[in-house]
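Below you'll find the structure, written out as structure tokens, and then a few comments.
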Amino acid sequence: MAGEPGRDAAHGAPLKADSAVVRDALGVGVAVGLSGFAFGVTGAGAGLDVLQICALSLLVFTGASQFALVGALAAGGNPFTAAAGAFFLGTRNAFYGLRLSQLLALPRSVRPFAAHWVIDETTAVALAQPTRRAARLGFTATGLTLYVLWNLTTLLGALGAEAIGDTNAWGLDAAGPAVFLALLAPMLRTTTERAVAGIAVVLGLGLLPVLPAGVPVLVAALAAPAVLWWQGRTIMNKRKGADR
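Just so we're on the same page, my numbering is the position in the sequence shown counted from 1, plus 13.
Have a look at this one:
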């Protein structure tokens, strides 16, 4: 019967029922999509109007970059510096795209549209599937669910923030950073990732009082190459010791 699990005759990989793929995709899409409400509130607290906030979700559609941008603006940062920080965070999606282009092998005509949905969640769901067909289904279902919900809840958050007035008085200015940390924490699985995150936090918070708003996040990005350099040096030293 169609949609039931079996085996991929071409590759011998176990198949996964379409319903199971869609269920996983919907779970991720709904859980993360609802966080758009926090972005809408945070954007309003940063002084953006409803149209600007919704345009960011529609056109940028990568939560970390969006939160970084409005966070820097809320702190009084230069718009160009804030945009640079957001752009830097978004570059990871380019590396996801390189991997997904091979996995999904989509027709050239749809790749520009699919590229807009290349984010952490769609990549994770697609890579978790055993076959190309399941990966395509997971990517599409996650992307569609998340895009619709993220933009809808962004609108609701922006309108709600305007209705209640000063978001700082309600403590809603903390919603963005809280959601961002909640999304980031489960991704830190290895020692290297935790080390990068820890050093980035130290750099970002330590430089916050002395550098203009938006600049500390750019400096904190140096944590990744610093950790990778240290690891490389440690491995080389071990090899030299073993050769003696």
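Glycine included, each C-beta is placed from N, C-alpha and C at the ideal position.
Could you tell me the distance, in whole angstroms, from the CA atom of residue i to the CA atom of residue j?
| i | j | result |
| --- | --- | --- |
| D133 | R105 | 9 Å |
| N164 | L157 | 11 Å |
| A141 | V223 | 43 Å |
| L159 | G46 | 5 Å |
| Y109 | T155 | 15 Å |
| A81 | V34 | 31 Å |
| A30 | L201 | 29 Å |
| G254 | T247 | 11 Å |
| S122 | A128 | 11 Å |
| L111 | P125 | 13 Å |
| G173 | M249 | 55 Å |
| P120 | A38 | 22 Å |
| A213 | S32 | 40 Å |
| A92 | A85 | As written in the sequence, residue 92 is Pro, which differs from the Ala given in the question. If I take the Cα positions, the gap works out to 8 Å. |
| P9 | R36 | Given that the chain is displayed from residue 14 to residue 257, the structure contains no residue 9 and the question cannot be resolved. |
| E206 | A44 | 23 Å |
Does the beta-carbon distance from residue i to residue j come in below 8 Å?
| i | j | result |
| --- | --- | --- |
| C67 | T166 | no |
| L162 | G53 | no |
| E175 | A57 | yes |
| L117 | R146 | no |
| T75 | G103 | yes |
| L64 | V83 | no |
| L72 | Q79 | no |
| P225 | T55 | no |
| A97 | G170 | no |
| L231 | F101 | yes |
Among the options, whose alpha-carbon lies nearest the alpha-carbon of residue i?
| i | options | result |
| --- | --- | --- |
| G40 | F93, V138, I212 and A236 | V138 |
| L220 | V209, A233 and A210 | A233 |
| A239 | A255, V228, A210 and K253 | A210 |
| V215 | A30, P229, E206 and P225 | P229 |
| S114 | A97, T136 and G98 | T136 |
| A208 | A236, A77 and A38 | A236 |
| G89 | A77, A59 and A99 | A59 |
| A77 | A99, N91, P143 and R36 | A99 |
Can you say whether residue i is buried or exposed, counting buried as having 16 or more other CB atoms within 10 angstroms of its CB?
| i | result |
| --- | --- |
| R149 | buried |
| F152 | buried |
| W242 | exposed |
| V131 | buried |
| G245 | exposed |
| R252 | exposed |
| A107 | exposed |
| A15 | Low confidence applies here, because A15 scores a pLDDT of 44, under 50, leaving its location unreliable and the question unanswered by this model. |
Any Cβ of chain C within less than 8 Å of the Cβ of residue i?
| i | result |
| --- | --- |
| M249 | Among the protein chains of the structure shown there is no chain C, as only one such chain exists. |
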